[in-house]
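Numbering (full-length UniProt numbering), first residue to last: 1 to 366.
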């Protein structure tokens, strides 16, 4: 749909460009005041699916006619007729009418609305739509400042939607999937640990380790029992959780850069460094005043225990191996276009690295 404040001739030209047909208005036009008088007949035709013949037609509405169309009893009919047409062009409309048309689609259709504008008269439409795109041009920067995305020229819209928009969608879905995964893994770890501590709300590790997961506890009530026997188990479970979740995000990474290595592997290093400071490096007199006193020295006991390393290896293999096998299976049997392109890029890079260096002849003049 196109919402314009230009004249009718300009709207017809845009309509021809959208539909690819310059004879769509040859049967004449009817204003919406006439349609209002025959509203019942139109609704009957719509219910009988007789308006499917409008597939090759376009609807051009000016501002005064749009005022009638957006009334309470006509707006739904106007929307149904517009959905049956190939294109809908609203010309000579006010900024409020633009926003009302967008809001009409938002309220009645399960669709994501996109508004594109380059002037101050498009600000209300851009803010009403789910996604607003502003074009910086001769009409000022008001549309750009009110938009979600801004482009320099209208021709950049195609790449914004079909390339960067698609990439952004995949990145967002992958991020949300990993977000739920790591939080479920974190919660289930505490759930299974509760069987060993009698459902006493005892946390599996120190509160300071929960910060990366966005969960902060003010404190855990004392139950009068000593959980020193389970400190090694708690450290093993939480360390396994960190390793598995980090391995999962490493598998989800397609392109590795120096920043990926710093963030992913740096998080593991940060965890072990913080564990060493709290459980080993601090003096025992200072640690006795804090919650980590009951687990003091657990890191040293874990590292010298063979069961700790075997448990860490077994948990990592059991949880990460199915993910790795599934990735290789789908990559070999049902590769996507992106997978094929990445494989081709890697092959070209490896072939360039295997090429023998060119022999350069140097002439030495004495």
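Just so you know, even glycine gets a beta-carbon here, dropped at the ideal spot from N, CA and C.
Query, Result
"According to DSSP, is residue 87 helix, strand or coil?", "strand"
"Helix, strand or coil: which one does DSSP assign to residue 254?", "coil"
"Could you pull out every residue in the same chain whose Cβ sits closer than 8 Å to the Cβ of residue 70, ignoring the five residues on either side in sequence?", "78, 97, 100, 101, 104"
"Would you please state the rounded distance, in angstroms, between the beta carbons of residue 115 and residue 132? I believe it to be under 8 Å.", "5 Å"
"Taking C-alpha atoms, which residue in 64, 72, 186 lies nearest to residue 90?", "64"
"Is residue 333 buried or exposed, if buried means 16 or more other CB atoms sit within 10 Å of its CB?", "exposed"
"For residue 124, which residues of its own chain have a beta-carbon under 6 Å away from its beta-carbon, when the five flanking residues on both sides are left out?", "95, 99"
"For the stretch 83-149, which segments carrying the beta strand (DSSP E) assignment without a break, of at least 3 residues, lie completely within its bounds, in sequence order?", "87-91, 114-117, 131-135"
"Buried or exposed: residue 297, going by 16 or more other Cβ atoms within 10 Å of its Cβ?", "exposed"
"Can you pull the DSSP bridge partners for residue 61?", "90"
"Quick test of your reading: residue 327 and residue 251, contact by CB under 8 Å. State the CB separation rounded to the nearest angstrom.", "6 Å"
"Go ahead and pull the three-state DSSP assignment for residue 151.", "strand"
"Residues in its own chain within less than 6 Å of residue 148 by CB, not counting five upstream and five downstream?", "131, 132"
"With DSSP as the reference, label residue 322 as helix, strand or coil.", "helix"
"For the stretch 181-194 against the stretch 242-251, are there 3 or more C-beta pairs whose distance is under 8 Å?", "yes"
"Look at residue 394 and residue 260 and say whether their C-beta atoms are less than 8 Å apart.", "What is shown of the chain runs 1 to 366, which leaves residue 394 out entirely."
"Quick one: using the 10 Å Cβ neighbour count with 16 as the cut-off for buried, is residue 163 buried or exposed?", "exposed"
"So for residue 334, helix, strand or coil by DSSP?", "coil"
"Rounded to whole angstroms, what's the CA-CA distance from residue 174 to residue 323? Just pull it up for me.", "15 Å"
"For residue 31, which residues of its own chain have a beta-carbon under 7 Å away from its beta-carbon, when the five flanking residues on both sides are left out?", "Summary for residue 31: the model assigns pLDDT 44, below 50, so the residue's position carries little reliability, and this model does not support an answer."
"Please state whether DSSP places residue 247 in a helix, a strand or coil.", "helix"
"Around the Cβ of residue 347, are there at least 16 other Cβ atoms within 10 angstroms (buried) or fewer (exposed)?", "exposed"
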